[in-house]
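Asks: Handing you a structure now.
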Amino acid sequence: MSENVARRGFLVGGLGGAALLAAGCTSNEPAAAPSSAAAAPAPAASGNDQPGTKVTIGFSAPAADHGWIAAIAKNAEATAKQYSDIDFKPVEPTNDINQQISAVESLIAQKVNALVILPNDGQQLNQVALQATEAGIPVINLDRVFPDKLAYRTWIGGDNYGMGVAAGHFIGKQLKDKGVSNPVIVEIQGIATLPLTQDRSKGFADALKTYGFSVTAKQDAKFTVETGNQVATSLLQAHKKIDAMWNHDDDQGVGVLAAIKEAGRDEFVMVGGAGSLNAMKEIQSGTSVLKATVTYSPTMASSAIRLARLVAQGKGMSDLVENSVPQSITLASETITKDNVEKYLELGFES
Amino acid sequence: MSEPTTDHRAAGVAALAPTRRLGEMRHLGLLVALAILVVVGLVTRPENFATTSNLVSILSLAATIGVITVGATFVIIGGGIDLSVGAVMALASVWATTLATQSYGPWVMAICAILVGTGAGLVSGWLIAYGRLVPFIATLAMLVAARGLAQRMSDRRTQLVQPDNAALVELSTTRVLGVPLLVYIFALVVALGWVVLNRTTFGRRTYAVGGNPEAARLAGIDVRRHTMLLYALSGLCCGIAAILIMARTTTGSSTHGDLYELDAIAAVIIGGTLLTGGRGTIIGSILGLLIFTLITNLFILNGLDTSDQLIAKGLIIVVAVLLQRRNLKERAP
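If you're matching them up, the sequences are chains A and B in order. Our numbering applies: residue 1 is where the first sequence begins, and numbers increase by one. Our numbering applies: residue 1001 is where the second sequence begins, and numbers increase by one.
Structure (structure tokens):
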């Protein structure tokens, strides 16, 4: 109980810290813990954080029934609050495409200065994003990309292929070091039909190939704890000896780890995905099969809000030579292990 | 059913006799289907399928939804339907894993889950029996509302079972004779369900109310009260299932039990229970459920795509219902 409360307090502190970092630390606030400086980019040199023209930023994202998405919404809001010149207008989060379209339409009608949209499905929200752009509202497309480049001003998101590559390299290297030949490598995906899942799997397979390894079996769970548990239970039955496992998503990973513990298996190394606080604590403990997780950080929402502000104010990014914000920004997927988990802890999100 | 008692003299007897014969026939079909799946398992994965640990894992997978299926069987035999089972289970799991509840220990959590499940069932049952709402509507409303309430309570977060309450998780990790405790709970619920349905007045009344409510009323059964209790029973099963899912996943979450209503109803139908009520068996439902679980297991053991698994399940539902209809036609006067 007390531990849980502490955890929550810690998380809030972590998010606040992340937001501060994202805000660039140029304010007079006492800076966040210095140890975390490496986790976030160095503050911009120019005066981008000085209050400028007042801008209204609309924000729409899926319902926060998943730790990562929840962190997206929290990060966006926390960052917006850091700026006195941002009027933040979030709309009710929803998993219903139909509702998200009307929510975005209402933001267009309110003539916001910029929109940050994490669409439930890029294909299906493309049309309304196009409308926004045509109405002269720059759209910052967060994570799930709109197929039509006319539909957005700037895209920022994670690197799904890169996640797979990072996980593949970690596993490949571990197994090579141990001198394992012909390893049994198991993969638990998220929702198999999503392009992001296919990208993750492709990156994983490609990276493993450079070590001469391949995936023995893969199954999809559905990003929930329960499905992760079910799929892992059966996969552990299917393979009496496993050398390595990659689970695409730390939220479903809670269920996967429960299944592994129940089965009493510890002969393999497991890698997670996204970088949740739970996963980081497992890694930190050193006693878990979970040895690493590859990031797909929800801090991208903080960055998206900052970008929206810059675009709306007609500024550029001061670390770049360009006069305006770039068209697309892909975040790198980093590998969190016991060695570096300390500096990622405060960016972790709660499942 | 040896001696006819007052309450089912009017409605029960007439419906029961042919049902039992039909039931046996259908069970035979289900057993054949199960046997075929077992053979497929033995042939495709000889080294993995027939191991104790795989069988235990199949039963563990089946346990949660199996407990819910027992409750659903009662409701459907009683002529109703409960669409809210998955959502009520999620709500019960979330309620039990809230911080406040967790600080009182695992027993309080378990009792809380059961009370919340039963309470939700009572509300649906009251709306149907005394509020005269159609079961489909009342439980649909409960599905939506319970899911929403679960999301509110948990703030849509996954709530971990705290280490202090590890006893709850141990239902899943502690094994007796190599079988996890939660499988025993599942078996106990099935056995109790069978006894209540086949050996008690409550069971006989359930068949009577589902078969012909008017006749049941004339025979002196308080049909409304009985209907309400059926939904409470279903809710109770959801509460027990919530305990099992907390044990298995170490969490309470508003996403638990998604589409369980469909799985439970499908298992009951495959098991030979008529959606119109009045006929059906617990054993049939459990066999139906095991067929589903076995298919999932076989697909994962063989590394097949889960989309094809849905197609296979759909086909099985259709075939099962077609077979039922043929049986009924043959027996129609």
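A virtual CB, placed ideally from N, CA and C, is assigned to each residue, including glycine. Computed from a predicted model, the values in this text were never measured in an experiment.
Do A1241 (chain B) and V1067 (chain B) have their beta-carbon atoms positioned less than 9 Å apart in this structure?
Replies: Here residue 1067 (chain B) refers to the residue found at position 67 when the second sequence is read from its first residue. Here residue 1241 (chain B) refers to the residue found at position 241 when the second sequence is read from its first residue. Contact flag set, yes.
Asks: For D1305 (chain B), decide whether its Cβ has a neighbour in chain A, counting only Cβ atoms nearer than 9 Å.
Replies: Counted from its first residue, the second sequence places residue 1305 (chain B) at position 305. For D1305 (chain B), the answer is yes, since a Cβ of chain A falls inside 9 Å of its Cβ.
Asks: Along chain B, which residues have their Cβ under 7 Å away from the Cβ of V180 (chain A)?
Replies: One-based indexing of the first sequence puts residue 180 (chain A) at position 180. By Cβ distance, chain B contributes nothing, its closest Cβ being about 20 Å from V180 (chain A), past 7 Å.
Asks: List the DSSP bridge partners of K89 (chain A).
Replies: In the first sequence, the residue the question calls residue 89 (chain A) occupies position 89. K89 (chain A) pairs with A:G58.
Asks: So, for I208 (chain A): in the same chain, excluding its five sequence neighbours on each side, which residues have a beta-carbon less than 8 Å away from its beta-carbon?
Replies: To locate residue 208 (chain A), count along the first sequence from 1; it is residue 208. Correcting the residue identity first, residue 208 (chain A) is Leu in this sequence and not Ile. So the qualifying residues of the chain are G168, I171, G172, I185, S214, V215.
Asks: So, at 7 Å on beta carbons, what are the nonlocal neighbours of A1267 (chain B) in its own chain, with the 5 sequence-adjacent residues on each side left out?
Replies: Walking along the second sequence from the start, residue 1267 (chain B) turns up at place 267. Correct list, in chain order: T1069, S1285, G1288, L1289, F1292.
Asks: Is the distance from the Cβ of F1074 (chain B) to the Cβ of V1176 (chain B) below 9 Å?
Replies: For this step, residue 1074 (chain B) is matched to residue 74 along the second sequence. For this step, residue 1176 (chain B) is matched to residue 176 along the second sequence. Their beta carbons are not under 9 Å apart, which means F1074 (chain B) does not touch V1176 (chain B) by this criterion.
Asks: When the Cα atoms are used, what is the spatial distance from I72 (chain A) to D250 (chain A)?
Replies: Stepping through the first sequence from its first residue, residue 72 (chain A) is reached at position 72. Stepping through the first sequence from its first residue, residue 250 (chain A) is reached at position 250. Those two C-alpha atoms are separated by around 15 Å.
Asks: Would you say K1313 (chain B) faces chain A, with C-beta separation under 9 Å as the test?
Replies: Taking the second sequence and counting its residues from 1, the one referred to as residue 1313 (chain B) is at position 313. No, no contact with chain A.
Asks: State yes or no: is the C-beta of D159 (chain A) within less than 9 Å of the C-beta of S285 (chain A)?
Replies: In the first sequence, the residue the question calls residue 159 (chain A) occupies position 159. In the first sequence, the residue the question calls residue 285 (chain A) occupies position 285. For D159 (chain A) and S285 (chain A), no; Cβs fall outside 9 Å.
Asks: Pick out whichever of A:M163, A:G228, A:K81 has its Cα sitting closest to the Cα of K89 (chain A).
Replies: By one-based count along the first sequence, residue 89 (chain A) stands at place 89. Considering only alpha carbons, the answer is A:K81.
Asks: Any beta carbon from chain A within less than 9 Å of E1261 (chain B)'s own beta carbon?
Replies: As a position in the second sequence, residue 1261 (chain B) is number 261, starting the count at 1. No, its Cβ sits nowhere closer than 9 Å to a Cβ of chain A.
Asks: Please classify L1160 (chain B): does DSSP put it in a helix, a strand, or coil?
Replies: Your numbering for residue 1160 (chain B) matches position 160 in the second sequence. Here L1160 (chain B) sits in strand by DSSP.
Asks: Could you compute how far the alpha carbon of G1071 (chain B) sits from the alpha carbon of L1310 (chain B)?
Replies: Against the second sequence, residue 1071 (chain B) aligns to sequence position 71. Against the second sequence, residue 1310 (chain B) aligns to sequence position 310. Straight-line Cα distance between these residues: approximately 24 Å.
Asks: Determine, for R1355 (chain B), whether the minimum Cβ-Cβ distance to residues of chain A falls below 9 Å.
Replies: A query on residue 1355 (chain B) cannot be resolved here, the shown segment of chain B reaching from 1001 to 1333 and no further.
Asks: Give, in chain order, every residue of the segment 1200-1225 of chain B whose Cβ lies closer than 7 Å to some Cβ of chain E.
Replies: Any reference to chain E falls outside this structure, whose protein chains are A and B.
Asks: Could you tell me the distance, in whole angstroms, from the CA atom of L1304 (chain B) to the CA atom of K218 (chain A)?
Replies: Here residue 1304 (chain B) refers to the residue found at position 304 of the second sequence. Here residue 218 (chain A) refers to the residue found at position 218 of the first sequence. When rounded, the distance between both Cα atoms is 9 Å.
Asks: Taking only the alpha-carbon atoms, compute the straight-line gap between V257 (chain A) and Q100 (chain A) and give it to the nearest angstrom.
Replies: For the purposes of this step, residue 257 (chain A) is identified with residue 257 of the first sequence, where counting begins at 1. For the purposes of this step, residue 100 (chain A) is identified with residue 100 of the first sequence, where counting begins at 1. The sequence shown places Leu at residue 257 (chain A), not Val. If I take the Cα positions, the gap works out to 34 Å.
Asks: Check whether the Cβ atoms of G1252 (chain B) and V1094 (chain B) sit closer than 9 Å, and answer yes or no.
Replies: On the second sequence, residue 1252 (chain B) is found 252 positions in, with the first residue counted as 1. On the second sequence, residue 1094 (chain B) is found 94 positions in, with the first residue counted as 1. For G1252 (chain B) and V1094 (chain B), yes; Cβs fall inside 9 Å.
Asks: Please report whether the beta-carbon of L1160 (chain B) lies at a distance below 9 Å from any beta-carbon of chain A.
Replies: Along the second sequence, read from residue 1 onward, the residue named residue 1160 (chain B) stands at position 160. With 9 Å as the cut-off, L1160 (chain B) counts as an interface residue toward chain A.
Asks: What separation, rounded to the nearest whole angstrom, lies between the Cα atoms of V116 (chain A) and L1274 (chain B)?
Replies: Position 116 of the first sequence, counting from 1, holds the residue named residue 116 (chain A). Position 274 of the second sequence, counting from 1, holds the residue named residue 1274 (chain B). Roughly 51 Å between the two C-alpha positions.
Asks: Going along the segment 229-243 of chain A in order, which residues come within less than 9 Å of chain B, judged by CB to CB distance?
Replies: Result list: N229, Q230, V231, T233, S234, L235, L236, Q237, A238, H239, K240.
Asks: Using three-state DSSP, classify T1296 (chain B) as helix, strand or coil.
Replies: By one-based count along the second sequence, residue 1296 (chain B) stands at place 296. Helix, per DSSP.
Asks: Would you report the Cα separation of A42 (chain A) and D319 (chain A), rounded to the nearest angstrom?
Replies: Translated into the one-based positions of the first sequence, residue 42 (chain A) becomes position 42. Translated into the one-based positions of the first sequence, residue 319 (chain A) becomes position 319. In this predicted model, A42 (chain A) has a pLDDT of only 45, less than 50, meaning its place in the structure is not dependable enough to derive any value.
Asks: Can you check whether the C-beta of G13 (chain A) is within less than 9 Å of a C-beta belonging to chain B?
Replies: Residue mapping note: residue 13 (chain A) aligns to position 13 of the first sequence, counting from 1. For G13 (chain A), the pLDDT reaches just 42, beneath the cut-off of 50, and the residue's location in the model is therefore unreliable, leaving the point undetermined.
Asks: Is the number of C-beta pairs between the segment 1046-1065 of chain B and the segment 1206-1226 of chain B that are closer than 8 Å three or more?
Replies: With a cut-off of 8 Å, the segment 1206-1226 of chain B and the segment 1046-1065 of chain B do not count as touching, because too few Cβ pairs lie within range.
Asks: Count the other CB atoms within 10 Å of the CB of W1107 (chain B); is the residue buried (16 or more) or exposed (fewer)?
Replies: Translated into the one-based positions of the second sequence, residue 1107 (chain B) becomes position 107. It counts as exposed.
Asks: On the DSSP bridge assignment, give the partners of D1305 (chain B) in chain order.
Replies: Against the second sequence, residue 1305 (chain B) aligns to sequence position 305. For D1305 (chain B), which the question treats as bridged, DSSP gives no partner whatsoever.
Asks: Can you tell me which of B:D1082, B:V1038, B:T1052 puts its alpha carbon nearest to the alpha carbon of E1261 (chain B)?
Replies: Taking the second sequence and counting its residues from 1, the one referred to as residue 1261 (chain B) is at position 261. Among B:D1082, B:V1038, B:T1052, the Cα nearest to that of E1261 (chain B) is on B:D1082.
Asks: Is the beta carbon of S294 (chain A) sitting closer than 9 Å to the one on T330 (chain A)?
Replies: For the purposes of this step, residue 294 (chain A) is identified with residue 294 of the first sequence, where counting begins at 1. For the purposes of this step, residue 330 (chain A) is identified with residue 330 of the first sequence, where counting begins at 1. A small correction: the amino acid at residue 294 (chain A) is Val; Ser does not occupy that position in the sequence shown. Cβ distance not < 9 Å, so V294 (chain A) and T330 (chain A) don't count as in contact.
Asks: Are the CB atoms of T1101 (chain B) and V254 (chain A) within a distance shorter than 9 Å?
Replies: Here residue 254 (chain A) corresponds to residue number 254 of the first sequence, with the count starting at 1. Here residue 1101 (chain B) corresponds to residue number 101 of the second sequence, with the count starting at 1. It is not a contact, given that the beta carbons lie outside the stated cut-off.
Asks: Near E1179 (chain B), which residues of its chain fall below 8 Å by C-beta distance, leaving aside the five closest residues on each side in sequence?
Replies: Your numbering for residue 1179 (chain B) matches position 179 in the second sequence. The question names Glu, but residue 1179 (chain B) in the sequence shown is Val. V1056, L1059.
Asks: So, is Q237 (chain A) buried or exposed, given that buried needs 16 or more other C-beta atoms within 10 angstroms?
Replies: As a first step, residue 237 (chain A) is located in the first sequence; it is residue number 237 there, counting from the start. Looking at its Cβ environment, which holds 16 or more other Cβ atoms inside 10 Å, Q237 (chain A) is buried.
Asks: Nearest-angstrom Cα distance between I1270 (chain B) and E346 (chain A)?
Replies: Along the second sequence, read from residue 1 onward, the residue named residue 1270 (chain B) stands at position 270. Along the first sequence, read from residue 1 onward, the residue named residue 346 (chain A) stands at position 346. When rounded, the distance between both Cα atoms is 50 Å.
Asks: Of the residues that make up the segment 1061-1085 of chain B, which ones have a beta carbon closer than 8 Å to any beta carbon in chain A?
Replies: Those would be L1061, in chain order.
Asks: Taking Cβ-Cβ distances below 8 Å as the criterion, which residues of the segment 89-118 of chain A are in contact with chain B?
Replies: So the list is empty, because no residue satisfies the distance condition.
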